[in-house]
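The structure under discussion appears below in the form of structure tokens.
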Amino acid sequence: MPTVRPYDPGSDAEALWELKRAFELGLGSGTGGEEKAETYESKLTDDYRTGYLEWVDRCVEADERSVQVLEADGDLLGYVFVLPETHSYIWDAAVLNEIYVREQARGTGDADDLMEAALDVAREQDLPLDRMVLDVDEQNERAKAFYERHGFEHWGELVARDL
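Each residue of the sequence shown is one higher than the one before, starting from 1 at the first, in the UniProt record's numbering.
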């Protein structure tokens, strides 16, 4: 039976990085064409890996539950990353940075457990606005349905441009 627990930088870093890679590659290939997939894949360099894991470590130092993992039989099947309370002023709310589960854990309720863990962390934060926010690609129908099932509603719109 999978369990949700806090991420351990000492033993989970490699497995978390593999999950992060799968998350990014899935975004690239699942929500756009070949060009988007190449863009997402090209950013996954050794320098990006190092920087990402260092950032995760800083977030976990601020709040040990900001990154939680889904574990079964010693393998990590997913993770959820809520920015620490110190970052809540980004959107004046708790920020769900990432949630991901491997294919074999999808449709099992395990992602629901990760979402509940994320909401528990957010409920304990001292926030300007009592809400959790995230961005989701408009082409990611599965993710949109998941968030809607968990009570998320449209609240503004994130826009971006190239630099």
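Ideal Cβ positions, reconstructed from N, Cα and C, are used throughout, including at glycine.
Residue i (DSSP reduced to helix, strand or coil)
i, result
"threonine 108", "coil"
"arginine 161", "coil"
"proline 6", "strand"
"valine 133", "strand"
"phenylalanine 146", "helix"
"tryptophan 155", "coil"
"aspartate 12", "helix"
"glycine 26", "helix"
"aspartate 126", "coil"
Selected residue, minimal CA-CA separation from residue i, among the options
i, options, result
"leucine 44", "Gly32, Val60, Ala22, Val67", "Ala22"
"leucine 95", "Leu70, Gly51, Ala118, Gly26", "As written in the sequence, residue 95 is valine, which differs from the leucine given in the question. Closest option to valine 95, Cα to Cα, is Ala118."
"leucine 25", "Ala72, Met132, Arg102", "Arg102"
"residue 165", "Lys36, Val121, Gln68", "This structure leaves residue 165 out entirely; the chain is present only between 1 and 163."
"glutamate 153", "Ala160, Val133, Asp137, Val159", "Val133"
"aspartate 73", "Met1, Arg131, Lys36", "Met1"
"aspartate 46", "Glu14, Lys36, Gly107, Glu35", "Glu14"
"glycine 126", "Arg5, Asn97, Asp63", "The sequence given here places aspartate at residue 126; glycine does not occur at that position. Nearest of Arg5, Asn97, Asp63 to aspartate 126, Cα basis: Asp63."
Residue i Cβ short of 6 Å to the ligand SAM heavy atom set
i, result
"alanine 15", "You won't find the ligand SAM in this model; it holds no ligand whatsoever."
Whole-angstrom C-beta distance between residue j and residue i, which should lie under 8 Å
i, j, result
"methionine 115", "isoleucine 90", "About 20 Å; that fails the 8 Å criterion."
"threonine 31", "glutamine 139", "4 Å"
"tyrosine 7", "leucine 19", "No, tyrosine 7 and leucine 19 are not in contact; Cβ-Cβ is about 10 Å, not under 8 Å."
"leucine 76", "leucine 70", "7 Å"
"valine 121", "serine 66", "7 Å"
Cα-Cα separation, residue i to residue j
i, j, result
"tyrosine 79", "glycine 156", "26 Å"
"alanine 111", "aspartate 162", "32 Å"
"glycine 28", "glutamate 41", "7 Å"
"serine 88", "glutamine 104", "32 Å"
"leucine 53", "glycine 151", "30 Å"
"glutamate 141", "threonine 50", "31 Å"
"aspartate 92", "glycine 109", "29 Å"
"glutamate 85", "arginine 58", "12 Å"
"arginine 123", "alanine 145", "22 Å"
"serine 11", "glycine 107", "27 Å"
"glycine 33", "threonine 39", "10 Å"
Entirely enclosed beta strand (DSSP E) segments - the stretch 34-116, minimum 3 residues: Complete beta strand (DSSP E) runs here, min 3: 67-72, 75-82, 94-101.
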